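Down below is the structure, laid out as structure tokens.
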Amino acid sequence: MSGTSVHLDILPDRPVTARKPPRLQLHERLVPFKGPWHLPWIIERYFWAARSGFTARKLVNASMALAEMKMGRPRVRSRPFLLRIEPTNVCNLKCPLCLCGTGEDPRPKGMISIDDYKRIFEDTKQWAMITRLDGLGEPTIHPKIWELIRIAKSYGTSVVMHTNFNTPNCAHPEPILDSGIDRIVISVDGASQETHGRYRIGGDLETVLTRLRNLVNERKLL
């Protein structure tokens, strides 16, 4: 977030007309949940990435989960179909609105082990469709991040990851593409270093853009 303030001048002699309500997105029309980061929103947003994890059994379970969510059932029969796993709660930046960046995250710092990671998939492999590898920490700080992605893919889930793209693990496009990741979301918070660095404190915009160009160019060669 750039923190730029916007000032609006309201002219009293100008008639105020009612605005049309915003057009509802597909997930809002189908399932009337409010706000982002609920399951229908995630499924719509990540549909093309998630399709690699579709099976008939998983789709039935996901449909049941959404129905039980809509009905507000306190006890459910469905199983988790979206996994959000934090590879690490360590970050290389100091973003002012992040508990990790400000040092306010009370948890001990660490990295998920391969054994613990695999255990999650063993427990959910019949149901999990999407794996999100992110949290408060920067996932690419984990020394085995690309192996973690390959493991998730081997269990039949699609993989989505958010990253600031400023760590050594992101320096070369080949390991990223070879991991089989379905969707990668790269944080860019401004068109200049001044604006970007206002929030991504410690991040370098030109590094991100150069790596992103290299990644796109390498992907075109596949």
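Going by the working numbering, the sequence shown opens with residue 39, and the numbers climb by one from there. Virtual Cβ for every residue (Gly too), placed ideally from N, Cα, C. These numbers were taken from a predicted model, which means no experiment stands behind them.
What whole-angstrom Cβ distance do residue i and residue j have, given they're in contact under 8 Å?
i: A100; j: M167; result: 6 Å
i: G240; j: K132; result: 5 Å
i: T169; j: L137; result: No, T169 and L137 are not in contact; Cβ-Cβ is about 23 Å, not under 8 Å.
i: I150; j: T178; result: Not really, about 13 Å apart at Cβ, beyond 8 Å.
i: V246; j: I224; result: 7 Å
i: N202; j: R236; result: Actually they are not in contact, since the Cβ atoms of N202 and R236 sit about 14 Å apart, beyond 8 Å.
i: F119; j: A105; result: Not confirmed; about 13 Å, so no contact.
i: C129; j: G194; result: So it is not a contact: roughly 30 Å between Cβ atoms.
i: E124; j: G91; result: So it is not a contact: roughly 20 Å between Cβ atoms.
i: D242; j: N204; result: 6 Å
i: W165; j: R117; result: 4 Å
i: E212; j: Q231; result: With 8 Å as the limit, E212 and Q231 do not qualify as a contact, their Cβ atoms being about 27 Å apart.
i: A29; j: S192; result: In the structure displayed, the chain extends from 39 to 260; residue 29 sits before or after that span and is not available.
Taking the alpha helix (DSSP H) that residue i falls in, what are its first and last residues?
i: I179; result: Segment: none, I179 is in no alpha helix (DSSP H) and carries neither H nor E.
i: I158; result: 152-162
i: T233; result: 231-237
i: T140; result: 137-140
For the beta strand (DSSP E) containing residue i, list its first residue and its last residue.
i: V114; result: Careful: V114 lies outside any beta strand (DSSP E) and carries neither H nor E.
i: L328; result: Outside the displayed range of the chain (39 to 260) lies residue 328, so it cannot be described from this structure.
i: M149; result: Neither: M149 is in no beta strand (DSSP E) and is coded neither H nor E.
i: S225; result: No beta strand (DSSP E) contains S225, which DSSP labels as neither H nor E.
In the DSSP output, which residue or residues are listed as bridge partners for residue i?
i: V254; result: None; V254 has no bridge partner.
i: H210; result: In the DSSP output, where bridge partners are listed per residue, H210 has none listed.
i: I189; result: Paired residues: none, contrary to the question.
i: M199; result: L171, I222
i: T126; result: M149
i: L97; result: None; L97 has no bridge partner.
i: L121; result: T169
If you measure from the beta carbon of residue i to each beta carbon in chain D, is any gap under 8 Å?
i: Q164; result: The structure shown has no chain D; it contains just one protein chain.
| message | Measuring CB atoms only, is the segment 216-226 touching the segment 174-191, in the sense that at least three cross pairs come out at less than 8 Å? | response | yes
Handout entry: Three CB pairs or more closer than 8 Å across the segment 91-99 and the segment 136-143
Key = no
Could you check whether the segment 249-257 touches the segment 153-162, counting it as contact only if at least three pairs of C-beta atoms, one from each stretch, sit closer than 8 Å? no
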